[in-house]
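Residue numbers for the sequence shown follow my numbering, beginning at 75 and rising by one.
The beta-carbon is built from N, C-alpha and C at its ideal position, and this holds for glycine as well.
Below: one structure, written as structure tokens.
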Amino acid sequence: MATSPNDAGDDVVDQFLSDRGHTVERVGWEQEYNKKQCPDCGGLHDTAASSCTVCGWEPTP
Numbered sequence: 075m076a077t078s079p080n081d082a083g084d085d086v087v088d089q090f091l092s093d094r095g096h097t098v099e100r101v102g103w104e105q106e107y108n109k110k111q112c113p114d115c116g117g118l119h120d121t122a123a124s125s126c127t128v129c130g131w132e133p134t135p
């Protein structure tokens, strides 16, 4: 699912889907050896990274 740049309204969409029996998961970093991997573009980053420098993705809290 695409999100708006500031995630405005995502909680409303999540609640809508949840009310209709869908599972809504928060997406986080994937691990690739000793690096973090962006789940959107696959970019690799150091373990201290807080956002993807390739596509701008940030994990949801």
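**Message:** Give me, in chain order, the residues of the same chain whose beta-carbon lies closer than 6 Å to that of residue 102; leave out the 5 immediate sequence neighbours on both sides.
**Reply:** If we look at residue 102 and ignore the five residues flanking it on each side, its Cβ neighbours are 133.
**Prompt:** Can you give the Cα-Cα distance for residue 85 and residue 108, rounded to whole angstroms?
**Reply:** Approximately 32 Å between the Cα atoms of the pair.
**Message:** Quick check on residue 115: buried or exposed, where buried means 16 or more other Cβ atoms within 10 Å of its Cβ?
**Reply:** exposed
**Item:** Reduced DSSP secondary structure (H/G/I, E/B, other) of residue 75
**Value:** Interpretation of residue 75 is limited by its pLDDT of 47, a score under 50 that renders its predicted location unreliable; the figure taken from the coordinates is listed afterwards. Note: residue 75 maps to coil in three-state DSSP.
**Request:** Leaving out five residues on either side along the sequence, give the residues of the same chain with a beta carbon under 8 Å from the beta carbon of residue 104.
**Result:** 110, 111, 112, 113
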